[in-house]
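Numbering (the numbering used here), first residue to last: 568 to 707.
Working notes, beginning with the structure itself.
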């Protein structure tokens, strides 16, 4: 299953970009990052076997194991792509949120986009590690 991060705004050359790259390179599943302009610009076409996850402060707060379990369930159900969307500064409108398969929150705080992207990349690496029984994640 492809893990695809679609983010509004460009991360450029920054410490956050290096952190995102570090985690993306460690993920053993196919992974892609698409950057869109802050405003406008079309989202990549959503194929039928794609699950859309939108990062949103009003979304579900999942622990790392629950997040990994969800990804594993989608993978096992034959989902081809899990698309993780990070919106512009104003987030997503109600209609866009309603189309999501999952609204995901990293807590009730508002995070800068650069940090949200790094946190997402780390959680994707952690989830894949959990599913592979790799010792990176420790419970307790």
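Ideal placement from N, C-alpha and C gives every residue a C-beta, glycine not left out.
{"Asked": "Buried versus exposed call for residue 687 [16 or more other C-beta atoms within 10 Å across all chains shown]", "Found": "buried"}
{"Asked": "DSSP three-state assignment for residue 643, whether helix, strand or coil", "Found": "helix"}
{"Asked": "Cβ neighbours of residue 655 in the same chain (closer than 6 Å, five flanking residues each side left out)", "Found": "575, 605"}
{"Asked": "The stretch 579 to 595 contacting the stretch 614 to 622, beta-carbon criterion three pairs below 8 Å", "Found": "no"}
{"Asked": "Residue of 577, 677, 699, 672 minimising C-alpha distance to residue 628", "Found": "672"}
{"Asked": "Where residue 625 sits in the DSSP three-state scheme", "Found": "strand"}
{"Asked": "Nearest to residue 580 (by Cα), restricted to the options 666, 650, 681", "Found": "681"}
{"Asked": "Any C-beta of chain B under 7 Å from that of residue 675", "Found": "In the structure shown, chain B cannot be found, because there is only a single protein chain."}
{"Asked": "Nearest to residue 689 (by Cα), restricted to the options 599, 571, 569, 586", "Found": "586"}
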